[in-house]
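K.L.:
Taking the numbering used here, the leading residue of the sequence shown gets 9, the next gets one more, and so forth. Glycine included, C-beta positions come from ideal geometry on N, C-alpha and C. Just so you know, these numbers come straight off a predicted model, no measurement behind them.
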Amino acid sequence: MMTVRFWGTRGSIATPGPSTMRYGGNTSCVELRSGNHLIVFDAGTGIRELGNRLLKEFESQPLTIHVFISHTHWDHIQGFPFFLPAYEPQNTVHLYGPPGRDKSLDKILKIQMDSDYFPVELGAMSPNIFVHEMREEVVIGDLTVKHFYLNHPAMCLAYRVSDGHRNIVYATDNEPYQGTLFAQSQKVESSSDFPTYLDEKFVEFLSQADLYIGEAQYTTEEYREKRGWGHSPLESVVRFAVQANVKTFALFHHDPLHDDNFVDGMVQEAKQLVTLFGGKTECIGAQEGLEIQIS
Ligand SMILES: [Zn+2]
Ligand SMILES: [Zn+2]
9 MMTVRFWGTR GSIATPGPST MRYGGNTSCV ELRSGNHLIV FDAGTGIREL GNRLLKEFES
69 QPLTIHVFIS HTHWDHIQGF PFFLPAYEPQ NTVHLYGPPG RDKSLDKILK IQMDSDYFPV
129 ELGAMSPNIF VHEMREEVVI GDLTVKHFYL NHPAMCLAYR VSDGHRNIVY ATDNEPYQGT
189 LFAQSQKVES SSDFPTYLDE KFVEFLSQAD LYIGEAQYTT EEYREKRGWG HSPLESVVRF
249 AVQANVKTFA LFHHDPLHDD NFVDGMVQEA KQLVTLFGGK TECIGAQEGL EIQIS
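(1) Any idea what DSSP makes of glutamine 280, helix, strand or coil?
(2) DSSP beta-bridge partners for cysteine 291?
(3) Over the uninterrupted alpha helix (DSSP H) stretch that includes asparagine 175, give me the two end residues.
(4) Report the CB separation of phenylalanine 14 from glycine 59 in whole angstroms; it is logged as a contact under 8 angstroms.
(5) My output table needs one value for phenylalanine 88: the three-state DSSP class, helix, strand or coil.
(6) Figure out for me which residue from Tyr31, Pro161, Pro107 has the closest Cα to the Cα of arginine 143.
(7) With C-beta atoms as the reference, is glutamine 276 less than 8 angstroms away from tyrosine 31?
(8) Per DSSP, which one or two residues make a beta bridge with serine 42?
(9) Which one of Arg247, Ala252, Val147 has the shortest CA to CA distance from leucine 281?
(10) Indicate whether the contact test is met: 3 or more Cβ pairs, each with one atom in the segment 178 to 188 and one in the segment 221 to 232, closer than 8 angstroms.
(11) Are alanine 22 and histidine 79 closer than 8 angstroms when you measure CB to CB?
(12) Please go through the same chain and pick out, in chain order, the residues whose beta-carbon is closer than 7 angstroms to the beta-carbon of threonine 228, but skip the five residues on each side of it.
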């Protein structure tokens with residue numbers, strides 16, 4: 009059994025307020041529990057509440073927490089200084105992420121806690137915080153975690169966690185290489201050109217996932233104005249999910265301009281697209297507090 013809980017579903021910047029109550033205003037953070045393993049995807053502002061919940065549940069019991077960071081844009085790391093379990097010396101926190109373009113991951117995470125930005129340095133948290141740049145598959149007990157480079161204006165990784173039976177893919181902040189063609193509803197031929205090849209590799213990475221937590225930042229119309237920003241139009245994300253025969257696709261990384269009713273509309277549109285593409289994928293909107301069990 010795997011249990012997924014959404015603690016932050018918003019993209020770009022925290023967006024609290026009455027119009028985002030249902031889907032939530034906190035930025036990216038998803039918890040995955042499998043057996044006694046505790047995995048977290050991203051450390052956006054949602055990780056603060058997760059930390060509070062863990063302290064309440066486990067009190068002073070030592071924890072090992074594996075945090076997989078997609079990339080180091082603010083909305084994916086900003087909550088980490090407020091993640092209280094990382095201050096408890098009995099806890100061990102492994103942070104994984106992509107190597108930076110010109111700085112190490114360790115250095116990038118330390119910079120956000122420089123005294124100009126935050127009163128406590130990374131090194132003053134638990135002595136048991138370890139930063140790992142993802143280079144190969146990570147094995148955590150019976151779980152394996154694979155990564156895949158996404159198309160985004162930063163080094164950005166998708167993760168696929170498997171226990172040999174169940175597979176979960178977390179892939180946010182991603183623009184399809186063939187996005188422009190999709191947005192124009194042109195047919196994409198399976199040619200050997202490189203962008204198509206990379207998109208096909210991504211579909212392979214998603215293949216048969218039980219749950220795909222994927223970004224759906226823009227509608228197809230919005231995307232026309234935002235090509236090259238590193239985010240996806242709904243149409244291409246759904247197309248990939250259907251091509252990969254994903255069981256459930258959770259629309260994630262909601263745009264700050266999208267209120268609850270708007271996201272409802274996008275979920276409906278995603279369902280219609282699945283039918284249009286002849287797929288069976290179930291579509292849901294990722295909601296702060298939502299829990300999904302995969303048995
Ligand atoms: Zn983001
Ligand atoms: Zn980003």
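P.N.:
According to the structure shown:
(1) Reduced to three states, the DSSP call for glutamine 280 is helix.
(2) Cysteine 291 is bridged to Phe257.
(3) In the DSSP assignment, asparagine 175 falls outside any alpha helix (DSSP H) and within the unbroken beta strand (DSSP E) covering 175 to 179.
(4) Their Cβ separation, rounded to whole angstroms, is 15 angstroms, which puts phenylalanine 14 and glycine 59 out of contact at 8 angstroms.
(5) Helix.
(6) Closest by C-alpha distance to arginine 143, out of Tyr31, Pro161, Pro107, is Pro107.
(7) For the 8 angstroms CB-CB criterion, glutamine 276 and tyrosine 31 do not form a contact.
(8) Met10, His45.
(9) The shortest C-alpha separation from leucine 281 is found at Arg247.
(10) With the cut-off at 8 angstroms, the segment 178 to 188 and the segment 221 to 232 touch.
(11) One thing to note: alanine 22 has its Cβ no nearer than 8 angstroms to the Cβ of histidine 79.
(12) Ala191, Pro241, Leu242, Glu243.
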